[in-house]
Structures are given as C-alpha cells and as structure tokens.
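Asks: One structure follows; several queries about it will come next.
Numbering (the UniProt record's numbering), first residue to last: 1 to 357.
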C-alpha cells in the first residue's frame, strides 16, 4: 500500500478513486446580446432564479439532449441503437414530466425549450401547489428545509420533480408549517404571553455552542499549530481519532463527531476522508466525513496489538538464534495465586454495647 504524505500531495490528487469533474453549464458566445439578455431576465424573474448560471445549466442539459436526439434521428428507424437509446431518452423525459405522454417521439424532443425544464423544478411546483405566497417565497421555504417530497426533506430549489413524486410534495413534519415545533420568535411570544419574560429551557443552540471545554486545547498548547501536525503521514486504511481544534474553523466536523474513531478512505492535499459509524436508534449508519488534517490524529486503539507484534518478532529472532521454540500464542488468564499470611492468630472480642453518650 502506497504511503502518501499530506504535504507532498499535488492539488487535485487523491490516493483513492480519481475524481473527474465534467462541465455543468456553458456561457453564451455573445455575452452582450440585448434580446437574449431580456429573455434571461424575464426567465429569472418569472421562475425566481438565483442567477443566470441556473439558466445556462439547463441550457447545457437541453443541448446535450437535443444532440443525442439529432444523432438518433440520423439512423434508420429499425436501428437497434435508435430503438434502445431513443426509448430510454423519451422514457426519462416523460418520467420527469418534461415531455407529455402524447408526444413520445424523438421529433418532439427537438422542440423542447428551457421553460419546459423550469416548470418541473421543485421551486415552481411548490408555488403552483399553493404552499408559497410567491415564487421567491417558495425558494425560501425550500432552502430553510420546510418542504419535503415524500419522507425526504429537500432543500434544493432546482430539484427536478417526477410525475409520481408530485403528489407527495408537502410541508415537512419537522416544519412549523407542517405541525412541527414552532419557530424561535413564536416560542418567545408564547412564553411571554404565558408567564412573563422567563426564557425557555430548551432554547435552540448553534452548531458550535457548548463546546468551550470540548474543543479546548491543553495547557500551554495555544497559538499556532506546530509544524509536525502538517508533516504527519496518512494513508488509506489508517485508524484515526477525530479531535476538533477550535482554532481552525475550516474543515471542522460537527461537534457530535468529536472524540469518535474512524478509518481513512481517502487522502487529499489538506484533508482526509474518514468513515465513522453513527448509532441511530438500534442500527449503525456509516458516515463519510471530509475533515482537515488539523482535526484528526492517529489513534492508539491498536497500540497494544502493535506492541505484541513487535514482542513476537523479538521472540522469533531470539528463538531462531537459540534454536529453542518460543510460544507466541496468547494464553488465557490463569487463576490468581494463593497467598498465606503468616502470624499469630488473634481472637477478636466484640465491644460491649454502651447505652450512654
């Protein structure tokens, strides 16, 4: 297994599977075309888009779909590739709701527009279902985790809603709009109306709150981190302990994982990927965390095993030199040896009960 030092890795290099980032959008070739700028501005306002990159991303997807459809239309109608890939493309568009069921032909794929994709976004569907007052209010509800599709909370406004999932769009059970716990301001107003200005006992806390002593460093260990932290060598398969360093905000894991032990599955230039088992109810869930090297250290949970390996190696070398066999197997714990206490036996006499104080 190759050993990789964190300070020797080049940008973009990972010791695990290589990462390939493909292009997700393409900008217009003519940036200052007035007709296109007016059309993009109208789309951004009508569908509540954050920026024009969302339009460019959908346009890039649409261009790839059209290119595939044009390539398939050049083939014969009985061509196996046209039949297989064409049906798969049409079925995928119909499932999302972009292409109507009465237009399931490749010719209609070429007539698709950006508006057909924007209509299937979760933000648009939330507004059309009447869950939001405006298209911009729908985006706020989604990003603040008030909307769920089925049992899954979705906080991505550009989530493409399938036809079979459209009827399951509703407020999340944990949202105040869906019967969950009321918001912070409403809880304060309810508390003040109920009994005065006493604060709630279960007030919300931040992600880093109540970690003053958990994330604290040892005595005389404050200030800049030593260079040895960045010169440590990590490799895939190492067992590490997650110990959050409060002075380094970047790459800091959630406070729940402070003190947990995991296995490294990926190594990059300045961080490592750690697999941690999280207990949820009566089962274990595998969590994959990307943590900077300032917040991890090599675990000592295998130190006893490593010491025994070294001792066995020394015993083997001594046995080979002397020619006598050596027992390397661990033996079960023997019963405790008996001890005889020597001395003159002494009879203990009880003390008479005294009735006075």
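From the three backbone atoms N, C-alpha and C, an ideal C-beta is built for every residue, glycine too. Keep in mind the model is a prediction, meaning the values are calculated, not measured.
1. Check whether the Cβ atoms of residue 161 and residue 241 lie closer than 8 Å to each other.
2. Nearest-angstrom Cα distance between residue 129 and residue 166?
3. Using a threshold of 8 Å, state whether the C-beta atoms of residue 251 and residue 184 are closer than that.
4. Is the Cβ-Cβ distance between residue 182 and residue 176 less than 8 Å?
5. Less than 8 Å between the C-beta atoms of residue 57 and residue 24, yes or no?
6. Are the beta-carbon atoms belonging to residue 97 and residue 163 less than 8 Å from one another?
7. Inspect the beta-carbon positions of residue 311 and residue 245 and report whether they are closer than 8 Å.
8. Check whether the region 94–108 and the region 49–56 touch, using three or more Cβ-Cβ pairs below 8 Å as the test.
9. Could you tell me which residues DSSP puts in a beta bridge with residue 261?
10. Quick one: grab the DSSP three-state call for residue 290.
11. Using beta-carbon positions only, say whether residue 260 and residue 272 come within less than 8 Å of one another.
12. Say whether the region 186–194 touches the region 224–235, bearing in mind that this needs 3 or more beta-carbon pairs closer than 8 Å, one atom from each stretch.
13. Taking the alpha-carbon of residue 46 as reference, which of 72, 347, 99 and 134 has the nearest alpha-carbon?
14. In terms of residues, what are the limits of the beta strand (DSSP E) holding residue 278?
15. What does the alpha-carbon distance come out to for the pair residue 314 and residue 303?
16. In the DSSP assignment, the alpha helix (DSSP H) including residue 297 goes from what residue to what residue?
17. Grouping DSSP H, G and I as helix and E and B as strand, with all else coil, what is residue 84?
18. What would DSSP say about residue 365, mapped onto helix, strand or coil?
19. Taking all protein chains shown into account, do 16 or more other C-beta atoms lie within 10 angstroms of the C-beta of residue 317, making it buried, or fewer, making it exposed?
20. At 4 residues or longer, and completely inside the region 90–121: list those alpha helix (DSSP H) runs for me, N to C.
21. In the DSSP assignment, find the unbroken beta strand (DSSP E) run with residue 147 in it and report its ends.
22. Starting from residue 169, follow the alpha helix (DSSP H) in both directions and report where the run begins and ends.
23. Determine which residues share a DSSP beta bridge with residue 152 and list them.
Replies: Answer, in terms of the structure:
1. Cβ atoms of residue 161 and residue 241: not closer than 8 Å.
2. Each residue's alpha carbon lies about 10 Å from the other.
3. The Cβ atoms of residue 251 and residue 184 lie no closer than 8 Å to each other.
4. Taking 8 Å as the Cβ cut-off, residue 182 and residue 176 qualify as a contacting pair.
5. Going by C-beta atoms, residue 57 is nearer than 8 Å to residue 24.
6. Going by C-beta atoms, residue 97 is nearer than 8 Å to residue 163.
7. Result no, Cβ atoms of residue 311 and residue 245 do not sit closer than 8 Å.
8. The region 94–108 is not in contact with the region 49–56.
9. Beta-bridge pairing links residue 261 to 241.
10. When secondary structure is reduced to three states using DSSP, residue 290 falls in the strand class.
11. It is not a contact, given that the beta carbons lie outside the stated cut-off.
12. When C-beta atoms of the region 186–194 are compared with those of the region 224–235, fewer than three pairs fall below 8 Å, so the two segments do not count as touching.
13. Comparing Cα-Cα distances from residue 46 to each of 72, 347, 99 and 134, the minimum goes to 134.
14. Where residue 278 is concerned, the enclosing beta strand (DSSP E) stretches over 271–280.
15. As the crow flies, the alpha-carbon of residue 314 is around 17 Å from that of residue 303.
16. Element bounds for residue 297: not the alpha helix (DSSP H) but the beta strand (DSSP E), 296–298.
17. In the three-state scheme derived from DSSP, where H, G and I count as helix and E and B as strand, residue 84 is classed as helix.
18. This structure does not reach residue 365, given that the chain is present from 1 up to 357, and the question cannot be answered.
19. Exposed.
20. Within the region 90–121, the complete alpha helix (DSSP H) runs of at least 4 residues are 106–109 and 114–118.
21. Start and end: 147–149.
22. Residue range 169–171 is occupied by the beta strand (DSSP E) that includes residue 169, with no alpha helix (DSSP H) assigned at that position.
23. Paired residues: 149.
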